[in-house]
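Residue 1377 is where the sequence shown starts when you use the numbering used here, and the numbers rise one by one after that.
For each residue, glycine too, the CB sits at the ideal point set by N, CA and C.
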Amino acid sequence: MKKLLPTSTSGSLPKPSWLAQPETLWSPWKPAGDDLADAKRDALRLCLDDQLRAGIDIVSDGEQTRQHFVTTFIEHLNGVDFEKRETVRIRNRYDASVPSVVGEVSRTKPVFVDDAKFLRQLTTQPIKWALPGPMTMIDTLHDGHYKSREKLAWEFAKILNQEAKELEAAGVDIIQFDEPAFNVFFDEVNDWGIAALERAIEGLQCETAVHICYGYGIKANTDWKKTLGSEWRQYEEIFPRLQRSNIDIVSLECQNSRVPMELIELIRGKKVMVGAIDVATNTVETPEQVAETLRKALQFVDADKLYPCTNCGMTPLSRQVARGKLDALSAGADIVRRELLGQ
Ligand SMILES: [Zn+2]
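This is how it looks when you write it as structure tokens:
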């Protein structure tokens, strides 16, 4: 990106109410059959339109064709039985009924590549595409086959690499891996989590990002955040290893979070997507609040490496609130951009 402070969102955006029940995770689709395929693409176009009207620089599909950022990808793979469900604890935080790995996992066909081609033909703006990271994938499953988190993560990394290479060929500019699990399992992240991520990006020429957050603004996450104390230093555990990794961009939660901003110094040299929009509140930030967060981050990120972003995905919010937040992000970034350029 040549533009200073290019804006983007970290992933999902709300779906229209005719596609799926709003403000709900894992919301079931309303249309069926061919109507559903059409409806998903219509939603993708509208979602792109919202981003472009708000002046977002690096656009995405807003995950309009996925029910969930992890599950939808896994549904397309072999070796996972969605009928055989087991209850597991996700990110050490809440119990959920999840599918089981029952055999060798593999990808027999592309998952999001057609959607990416569709988005590519709609816009000349840079495109970012989010995929679940290997560690977050294994944390959303019951493993009855490999019996090893590391081994299963490695298999998923190889599958993600196949998908990523085809997304790159489809014209995606930045491929992002969502790894909220990186904020929980520090020893595993350092032992093999980041290595698995590097396996997933092997051979890619486009830019790569990892998104590490404190999750959607759902109750299980907001309750967990209350237990984390006055300073959130989780990033400190993994940043030194991440700084030495091949990942180009690190996407972080910074707005209304208790993460000490100086921790970003530990990944100096990386591009940083600074979350300047809180996704856990319906209150729309003022442009000045966004600008203030970006100014704080600028103490620890070189201006040409700072990418203003949202804390996390916005799928649990209303479309109206999400649009307001996109506008605020754009306007806030513009304030700081002008300051930097002396305008
Ligand atoms: Zn997130």
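Asked, Found
"How many whole angstroms separate the CB atoms of Asn1566 and Glu1629, which I take to be in contact at a CB cut-off of 8 Å?", "Not a contact, Cβ separation roughly 20 Å."
"In whole angstroms, give me the CA-to-CA distance for Leu1674 and Asp1680.", "10 Å"
"Specify, as a first and last residue, the run of the beta strand (DSSP E) that Lys1379 falls within.", "Here Lys1379 belongs to no beta strand (DSSP E), and DSSP marks it neither H nor E."
"Using C-beta distances below 6 Å, list every residue in its chain close to Cys1423, excluding the 5 sequence neighbours before and after it, in chain order.", "Leu1389, Gly1438, Gln1440"
"Tell me the start and end of each unbroken alpha helix (DSSP H) in the region 1636 to 1686 that is at least 4 residues and wholly inside, in chain order.", "1663 to 1674"
"Classify Arg1563: buried if its beta carbon has 16 or more other beta carbons within 10 angstroms, exposed otherwise.", "Residue 1563 is actually Asp in this sequence, not Arg. With fewer than 16 Cβ atoms within 10 Å of its Cβ, Asp1563 is classed as exposed."
"Of all the options Met1690, Leu1693, Thr1669, Ala1546, which has the alpha carbon lying nearest to the alpha carbon of Tyr1683?", "Thr1669"
"Buried or exposed, going by whether 16 or more other CB atoms sit within 10 Å of the CB of Ser1482?", "exposed"
"Is Ser1393 near ligand 3, going by C-beta to nearest heavy atom under 8 Å?", "Of the ligands one can find in the structure shown, namely ligand 1, none is ligand 3."
"Please indicate yes or no: does the CB of Gly1438 lie closer than 8 Å to some heavy atom of ligand 1?", "no"
"Kindly provide the ranges of any alpha helix (DSSP H) runs that are 4 or more residues long and lie completely inside the region 1476 to 1539, ordered along the chain.", "1489 to 1498, 1510 to 1514"
"What distance in whole Å lies between the Cβ atoms of Ala1576 and Pro1510, which are believed to be in contact at a cut-off of 8 Å?", "6 Å"
"On a Cα-Cα basis, can you pick out the residue from Ile1643, Ala1667, Leu1573 that is closest to Gln1619?", "Ile1643"
"How should Ser1473 be labelled, buried or exposed, when 16 other C-beta atoms within 10 angstroms of its C-beta is the threshold for buried?", "exposed"
"Tell me whether Ala1698 is buried or exposed, calling it buried when 16 or more other Cβ atoms sit within 10 Å of its Cβ.", "buried"
"If you drop the 5 nearest sequence neighbours on each side, which residues of the same chain put their C-beta closer than 7 Å to that of Asn1468?", "Val1560"
"Count Cβ pairs between the region 1542 to 1549 and the region 1600 to 1615 that sit closer than 8 Å; are there 3 or more?", "no"
"Just the Cα atoms here: how many angstroms apart are Thr1383 and Ile1434?", "6 Å"
"Short of 8 Å in beta carbon distance, which residues of its chain neighbour Thr1400, apart from the five on each side in sequence? Order them along the chain.", "Pro1692"
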